[in-house]
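J.: Residue numbers (my numbering): 5 to 123.
Glycine included, each C-beta is placed from N, C-alpha and C at the ideal position.
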């Protein structure tokens, strides 16, 4: 039996809902994977698609694109500036680039040691 699992999609929609509730900005657009976008509030939100960006607009007309993440929520609430948001995004990217090779090499070394132990 195959069970549909939309964990990533549901997580991005939860973050979208939090941003929608707590934002000091007006939500303008949602961008899904493959570049598909919908303008708010006129169109229906698709729960089965992954949200990649949320476009928000301030009172002066400045438009910002944020990701549905904790850093995006902090910016939408006004806790941090857009410059700080971009810095946090770069920091998260660098951390993931560092963590992935470390985990991969750790698994490789563990597997190699396990095979050596068995032989």
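#1: For residue 18, which residues in the same chain have their Cβ closer than 6 Å to its Cβ, ignoring the five residues on either side in sequence?
#2: Three-state secondary structure (DSSP) at residue 14?
#3: Is it buried or exposed, residue 45, if we count other Cβ atoms within 10 angstroms and call 16 or more buried?
#4: Within 8 Å, do at least three Cβ pairs link the stretch 97-105 to the stretch 48-55?
#5: Pull up the distance between the alpha-carbon of residue 15 and that of residue 56, whole angstroms please.
#6: Excluding sequence positions up to five away, which residues of its chain have a Cβ less than 8 Å from the Cβ of residue 67?
#7: By a C-beta neighbour count over all protein chains shown, 10 Å radius and 16 as the cutoff for buried, is residue 64 buried or exposed?
#8: Got a sec, what are the start and stop residues for the alpha helix (DSSP H) residue 88 sits in?
T.: Quick answer:
#1: Numbered from 1 along the chain shown, position 14 holds the residue referred to as residue 18. Nothing listed; no residue qualifies.
#2: As a working note, residue 14 is residue 10 in the chain shown. Residue state, collapsed to three classes: helix.
#3: For the purposes of this step, residue 45 is taken as residue 41 along the chain shown, with counting starting at 1. Its Cβ having fewer than 16 others within 10 Å, residue 45 is exposed.
#4: no
#5: For the purposes of this step, residue 15 is identified with residue 11 of the chain shown, where counting begins at 1. For the purposes of this step, residue 56 is identified with residue 52 of the chain shown, where counting begins at 1. When rounded, the distance between both Cα atoms is 11 Å.
#6: Walking along the chain shown from the start, residue 67 turns up at place 63. For residue 67, where only same-chain residues beyond five positions count, the Cβ hits under 8 Å are 32, 59, 60, 61.
#7: The count along the chain shown starts at 1 and reaches residue 64 at position 60. For residue 64, the number of other beta carbons within 10 angstroms of its own is below 16, and it is reported as exposed.
#8: In the chain shown, the residue the question calls residue 88 occupies position 84. Note, residue 88: alpha helix (DSSP H), 86-122.
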